Structures are given as structure tokens and as C-alpha cells.
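Residue numbers (the numbering used here), protein chains in the order written: chain A, 3 to 287; chain B, 44 to 299.
Quick look at the structure:
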């Protein structure tokens with residue numbers, strides 16, 4: 003009590019911060035866990051008794067299909083981001099310092115611009131009589147327009163387009179820390195380029211890879227507006243299922259259970275990331 | 044290694060990143076209705092945009108929401124950063140952990156958890172629920188920005204202020220606030236932009252009483268092509284660009 007009187011400012015700050023986080027972070031998350039264990043109720047959204055029905059419903063073949071498909075789309079997105087982003091980050095780390103600032107700025111600009119608008123811009127390009135089809139026809143590569151929009155391909159392109167910077171930035175930061183002397187040491191010890199890449203570069207950049215995967219894989223399952231705009235409004239992602247269950251079907255326990263699955267996936271990835279970092283630390287590099 | 048290969052590759056990826064944006068900007072000045080061919084230069088879509096009253100109202104709503112969310116989150120975020128930096132208290136790790144969870148959880152998870160708590164306490168979905176939600180997801184970004192600034196800060200300054208008789212509040216006002224000012228501005232701008240662009244969280248926690256821009260765009264672009272969106276997108280892009288350059292400029296200038 004004496005403490006409280008002596009430092010009114012400190013107390014006020016701590017109460018405000020704790021209050022905000024308890025009310026808008028901790029309580030909401032506990033509520034979702036609670037909701038996932040309750041019974042669906044058309045009037046009040048959720049009601050007793052407690053049940054595991056929502057989790058059982060996740061295993062329903064219909065939804066299992068959506069989850070697997072969502073995982074497939076997210077995995078493809080992540081893979082493409084990694085394949086494009088890894089050499090990109092490497093090349094970026096080799097550019098002179100003065101240009102690097104500008105190049106990174108150019109990479110962050112999209113992050114600051116409206117993602118809906120950018121997704122819509124892709125629609126202009128991928129539409130049946132859009133720029134890509136017209137261009138390919140003008141070049142004579144195709145004879146008639148190819149259906150690109152409203153396909154899974156379009157959705158994956160959209161996800162890659164939105165999420166690529168999130169893969170590149172953590173990769174760039176590990177490449178920045180990659181020490182040249184280690185590469186030279188590997189070379190001096192007789193390792194060829196491939197061996198150096200596999201035994202030195204890959205392990206050292208692994209934390210960046212995992213951080214990038216973490217920042218791409220999970221959002222790629224949740225960004226429901228991308229399939230809505232580019233995929234023709236089908237339930238392609240877990241995010242679409244969660245949104246529909248909460249806002250349209252009003253099946254809260256199921257939507258909550260699906261969201262907890264996403265959270266668990268996130269925790270798992272974060273754990274893997276931590277492990278990879280620790281391993282490098284212990285190797286004394 | 045060949046010097047040109049990496050450079051060509053970088054250029055190629057940047058081109059792919061910027062082509063859709065360039066197409067959007069060019070087509071916003073296109074007179075043609077179909078949106079695929081070039082029909083001459085025109086400002087008609089900008090005109091259509093500003094003649095659409097529901098759209099203009101949504102714009103104002105969004106601007107007001109972003110202004111207030113950025114301001115509140117900067118205020119609370121700065122205090123949180125100061126508390127984390129200066130005070131030792133029980134549960135500090137829990138506090139840090141909660142901020143981390145907000146930043147790392149997929150947006151949709153945050154969205155439904157907030158919706159659940161708003162319905163539990165019977166809060167009408169509208170401006171207030173949007174504000175609380177936006178402040179919550181902006182908060183960790185402000186905290187990080189301010190913490191980064193505080194970490195390179197001479198600890199003897201607050202001690203000197205204290206020795207000269209300043210209490211905690213006065214010391215914060217006269218010593219700490221001026222030091223973290225650039226971070227506050229940068230954090231505010233970041234919060235403003237995050238709020239203005241948010242779709243996922245807003246979809247869940249907004250009500251019919253307060254329509255905001257991203258949701259209006261969302262309902263427009265779901266089906267077909269709407270040339271007005273090109274104009275709106277171009278305006279938003281220009282706006283974000285100005286904000287981003289401003290925040291980078293503030294941060295760079297403060298480093299000198």
C-alpha cells in the first residue's frame with residue numbers, strides 16, 4: 003500500500019496496461035478455448051453442456067478435406083515464397099549498403115499498402131480477358147484465353163504476392179549475419195560449392211527459413227479474402243471456414259475449435275524456430 | 044560469381060511485385076468502362092468515387108478510426124514500453140508474452156477472440172468495438188518501436204532528473220518523452236496505416252452503424268471488376284507512400 007501511494011504514476015501505468023491486455027488479449031483467448039468446448043446454440047451462440055463435439059466435427063471428412071486443401075495451398079505458397087525469397091534475400095545481402103536501404107524500402111512499401119487493393123490489382127491481370135491472357139495471345143503463345151482467375155492457382159499467386167516480403171525479410175537478416183570467413187574456411191577445408199551450401203549456408207540460415215515459414219504458412223491459411231476475390235468464393239482456406247462458421251453458420255464451437263488448431267500450429271512452428279536457433283548457438287558458431 | 048545474375052534476379056522480382064500496382068494506377072485514369080482496354084485518359088472514376096456519398100462517408104469513418112486508433116495505441120504503447128523498460132514488476136514476462144501472442148497470432152484468431160469478448164460484455168458492434176480491436180493489434184508494434192529507441196538510451200539522464208528533485212511523472216515528461224518522440228511519431232504512423240488497411244479483424248468486429256473503407260472495398264471487389272476501386276486504390280497507395288516516407292524520414296533524421 004505504501005508503494006502504491008508513493009508511486010501513483012507507476013501504479014496508474016501498470017493498471018492501465020494490465021487492464022487492457024487482460025480484457026482484450028487474455029480474456030478473449032480464454033473465451034475462444036471455452037467456446038470450443040461448448041454446445042452450439044442458435045440463440046445464444048453457445049451453451050452448456052461441455053462437449054468435444056466441435057473437435058470431433060473437425061474430423062468430419064467434409065471439413066477434413068478443407069483443412070487438408072488449405073494446408074496444401076498454404077504449403078505451396080510457402081514453398082514458392084521460399085524458392086523465390088531465398089536467392090532473393092541472398093542477392094539482396096550482396097548489394098552495396100547504399101542501394102540496400104532503397105531496395106528494402108521498396109520491399110516494405112507493399113506491406114504498408116492496402117492488401118485488398120493489391121489483391122484486386124491481380125484480378126486485373128489474371129482475368130479471362132485480362133492483361134496476361136491478352137499479352138500471351140498477342141505473343142501468339144496461346145490461341146484462346148486460359149482460365150486463370152477463380153482457380154486455386156490464382157489464389158496461390160495472390161497469397162504469394164501478399165506474403166513474399168514476410169519470407170524475404172527474416173531471410174535477409176540471416177544472410178546479413180552470415181560470416182564470410184566461415185564460407186572461406188569451408189572452401190579452404192576442401193568443400194566444393196555444393197558442400198559449402200549444404201553443410202554451412204543452409205544450417206546457418208535455417209532460423210531465418212523457419213521464421214519466414216512461420217510468417218507465411220499461418221497467414222496463408224487465414225487470409226480469407228484472397229479466395230473470396232481470386233478463387234470464386236469457395237471454402238478454400240481454414241480462414242474461410244472460420245469466418246463462415248462465426249458470421250454465417252453461427253456455429254461458434256466449431257469455428258473456435260478450428261481457430262485453436264491454427265493457434266496450436268503456430269505454437270508448434272515457434273517451438274521449431276526456437277530449437278533451430280538454440281542448435282546454432284550450441285555449435286558455437 | 045557472376046555479378047549480373049543476382050542483379051537481374053532482383054530486378055525481375057521487383058518488377059513482378061510492382062507490375063500489378065502499376066497496372067492499377069494506370070487503369071485508374073482509363074476512360075474505358077470494361078477495365079481491360081485503354082480508352083483514353085480520364086478522371087471519371089475519381090469523380091464517381093467522390094460523388095458516391097456512402098463511399099465518402101466510409102472514407103471519413105476510416106480516417107477517423109485510424110486517427111483515434113493510432114493515437115490511443117501510441118499512448119498506451121508508449122506507457123507499456125516505459126513500464127517494461129523502467130519498472131521491475133511481477134508478471135513482466137506474462138505481459139511481454141501477451142504482446143508477443145497478439146503480434147504472432149493469425150489475424151483471424153485475434154478477430155474471433157475479440158468478437159467473443161465484445162458479445163460477452165454486450166458491446167454494440169460499431170465504432171467503439173472497432174477502436175478497441177484496432178488499438179489492440181497496433182499496440183505491440185508501437186511497444187517494439189519505442190522499446191528499440193529506449194534500449195539505446197543513456198540511463199544516467201533519468202537518474203540525474205531524479206537527483207534534481209523530479210518525481211516519476213515530471214521525469215517522464217521532461218526527459219523520457221522528448222527522447223522517445225521520434226519513435227512515438229513512427230509508431231503512430233505505423234498504427235495509422237495498419238488500422239486503415241485492416242480487413243480481417245474489421246470484418247468480425249464492425250457493425251452496420253459504422254461502415255469503414257476496407258469493408259466497403261471488400262464488398263465491391265468480391266464480384267467482377269469495379270473501375271472505381273482502381274481510383275480508390277491509387278489514392279490509398281499514394282497516401283500510404285506519403286505516410287511511409289514521412290515515418291522513415293523521421294526515424295532517419297533522429298538517428299543523426
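The C-beta atom is built at its ideal place from N, Cα and C for all residues, glycine as well. These numbers come from a predicted model, not from an experiment.
Same chain only: Cβ atoms within 7 Å of residue 166 of chain B, ignoring 5 sequence neighbours per side: Taking residue 166 of chain B as the centre and dropping the five residues before and after it, the same chain places the C-beta of 172 closer than 7 Å to its C-beta, in chain order.
Extent of the continuous beta strand (DSSP E) to which residue 260 of chain B belongs: For residue 260 of chain B, there is no enclosing beta strand (DSSP E); the enclosing alpha helix (DSSP H) covers residues 256-264.
Rounded distance between the beta-carbons of residue 26 of chain A and residue 117 of chain B, thought under 8 Å: Between residue 117 of chain B and residue 26 of chain A a beta carbon distance of about 16 Å is seen, past the 8 Å cut, so the two are scored as non-contacting.
Interface residues of chain B facing residue 96 of chain A [CB-CB closer than 7 Å]: Those are 49, listed as they occur along chain B.
Cα-Cα separation between residue 284 of chain B and residue 115 of chain A, rounded to whole angstroms: Going by the C-alpha atoms only, they are around 8 Å apart.
Separation of residue 60 of chain A from residue 264 of chain B, as counted between CA atoms: When rounded, the distance between both Cα atoms is 31 Å.
Separation of residue 145 of chain B from residue 269 of chain A, as counted between CA atoms: Roughly 13 Å between the two C-alpha positions.
Identified DSSP bridge partners for residue 42 of chain A: Here residue 42 of chain A is bridged, per DSSP, to A:48.
Enclosing alpha helix (DSSP H) for residue 202 of chain A [first to last residue]: Counting along the chain, residue 202 of chain A falls outside any alpha helix (DSSP H), and DSSP gives it neither H nor E.
Three-way DSSP call (helix, strand, coil) for residue 84 of chain B in this model: The DSSP-derived three-state label of residue 84 of chain B is strand.
C-beta atoms of residue 15 of chain A and residue 126 of chain B nearer than 8 Å: It is a contact, given that the beta carbons lie within the stated cut-off.
Secondary structure, alpha helix (DSSP H): runs of 4+ residues fully inside the region 65-152 of chain B: DSSP runs (the alpha helix (DSSP H)) wholly in the region 65-152 of chain B: 87-94, 96-129, 135-147.
Where residue 251 of chain A falls: helix, strand or coil (DSSP): Three-state result, residue 251 of chain A: coil.
C-beta neighbour in chain A for residue 167 of chain B, strict 8 Å: Chain A contact via Cβ: absent.
Touch test, the region 256-269 of chain A against the region 214-230 of chain A, Cβ-Cβ under 8 Å, three pairs minimum: They touch, by the three-pair rule.
CB contact below 8 Å: residue 37 of chain A versus chain B: Chain B, which has a Cβ nearer than 8 Å to the Cβ of residue 37 of chain A, makes this yes.
Helix, strand or coil at residue 170 of chain B according to DSSP, with G and I counted as helix: Three-state DSSP puts residue 170 of chain B in a helix.
Reduced DSSP category for residue 231 of chain B - H, G, I as helix; E, B as strand; rest coil: Residue 231 of chain B falls in the helix class under three-state DSSP.
Closest residue to residue 277 of chain A among A:206, A:132, A:177, A:43 (Cα-Cα distance): That would be A:206, whose Cα lies nearest to the Cα of residue 277 of chain A.
Contact test: residue 149 of chain A Cβ vs the ligand SAM heavy atom, cutoff 7 Å: Absence of the ligand SAM is noted for the structure shown, with no ligands found whatsoever.
Under 8 Å between C-beta atoms of residue 76 of chain A and residue 166 of chain A: Judged by beta-carbon spacing, residue 166 of chain A lies beyond the 8 Å limit of residue 76 of chain A, meaning their Cβ atoms are not closer than that value.
Residue 212 of chain B: contacting residues in chain A (beta-carbon distance under 7 Å): Result: 11.
Where residue 295 of chain B falls, given that 16 or more other Cβ within 10 Å makes a residue buried: Around the beta carbon of residue 295 of chain B, fewer than 16 other beta carbons lie within 10 angstroms, which makes this residue exposed.
Spatial neighbours of residue 79 of chain A in its chain, beta-carbon cut-off 7 Å, leaving aside the 5 residues before and after: Correct list, in chain order: 158, 161, 162, 165, 218, 222.
Listed by chain order, chain A residues near residue 90 of chain B by CB distance under 8 Å: Under the 8 Å cutoff, chain A gives no residues; its nearest Cβ is about 19 Å from residue 90 of chain B.
Same chain only: Cβ atoms within 8 Å of residue 185 of chain A, ignoring 5 sequence neighbours per side: 198, 202, 203.
Short CB-CB distance (under 8 Å) between residue 207 of chain A and chain B: Output row for residue 207 of chain A: interface = no.
Span of the alpha helix (DSSP H) around residue 9 of chain A: For residue 9 of chain A, there is no enclosing alpha helix (DSSP H), as DSSP marks it with neither H nor E.
Straight-line Cα distance separating residue 205 of chain B from residue 281 of chain B: Computed Cα separation, rounded: 46 Å.
Alpha-carbon to alpha-carbon, residue 169 of chain B and residue 94 of chain A: Rounded to whole angstroms, residue 94 of chain A to residue 169 of chain B spans 44 Å at the Cα level.
Exposed unless 16 or more other CB atoms sit within 10 angstroms - verdict on residue 155 of chain B: By the neighbour-count rule (16 or more Cβ atoms within 10 Å), residue 155 of chain B is buried.
Proximity test, Cβ basis, 8 Å: residue 257 of chain A and chain B: For residue 257 of chain A, the answer is yes, since a Cβ of chain B falls inside 8 Å of its Cβ.
Through-space distance from residue 214 of chain B to residue 88 of chain A, alpha-carbon basis: Each residue's alpha carbon lies about 47 Å from the other.
Contacting residues, own chain, Cβ-Cβ under 6 Å from residue 5 of chain A (five flanking each side not counted): Any reading at residue 5 of chain A needs caution, since the residue's pLDDT is 47, under 50, leaving its predicted position unreliable; the model's value is listed next. Residues of the same chain with a CB within less than 6 Å of the CB of residue 5 of chain A, apart from the 5 flanking positions on each side, do not exist.
Beta-carbon neighbours of residue 125 of chain A, restricted to chain B and to distances below 8 Å: The contacting residues are 264, 268.
Delimiting residues of the alpha helix (DSSP H) encompassing residue 154 of chain A: Residue 154 of chain A: member of the alpha helix (DSSP H) spanning 154-179, first to last residue.
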